[in-house]
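The structure appears right after this line, and notes come after that.
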Amino acid sequence: MVCPLCFLCPGPYAEHVLAHAPSLADVARDVALGAVPPARLHEAFLTATVYCQRGSGPGFRALGAPRAGVVPVFSSPDQLALASGTVPWFSMTGADLLDQLPAGYDLVLDIAGPAPLRLRAAALSARPAVGLRAEPVR
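If you read the sequence shown in my numbering, its first letter stands for residue 31, the second for the next number, and so on.
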């Protein structure tokens, strides 16, 4: 199996030896196929530029009610156009989007694409980790 982006490096992503970084859409597809662990999607989402449809007022366009609804996000302007046609849009990093996401909403990535994914906002949020370890007493 070779990388679908360059057709040279072993897939998926040749572990940290790529001349290119996989796009958010590539990572999402590979997570959906089980080729890479979900942690890769978390890392890719936080740093990726994501695109959202601009509404008539400030904020996100959401589908459904809080605690059951989703905010559609897209990995590219092309994916946004595929889902909604030619519409006004804005972009930000995934981390910034999570900071501004209304409570009670999940995300759906590339809703009209070949592998749409529902992403739980709580699972994507960056949280500090605490580790404990035992050290010998001297």
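The beta carbon of each residue, even a glycine, is placed where N, CA and C say it ideally should be. Since the model is a prediction, treat every value here as computed from it, not as a measurement.
For this session: Sort out for me which residues DSSP pairs Y81 with in a bridge.
Result: F104, S121
Exercise. What residue from P52, A111, V101 has the CA that sits closest to L131's CA?
Worked result: V101
Problem set entry | Contacting residues, own chain, Cβ-Cβ under 8 Å from A62 (five flanking each side not counted) | A145, L147
Exercise. Short check: CB of F120 to CB of R97, under 7 Å?
Worked result: no
For this session: Take L127 and list the residues in its own chain whose beta-carbon comes closer than 7 Å to its own, dropping the five residues that flank it on each side.
Result: V80, V103
Problem set entry | C-alpha gap between G94 and P52, whole angstroms | 31 Å
Problem set entry | The alpha helix (DSSP H) enclosing V61, as first and last residue numbers | 54 to 62
For this session: Give the secondary structure of D126 by DSSP, where H, G and I count as helix, E and B as strand, and everything else as coil.
Result: helix
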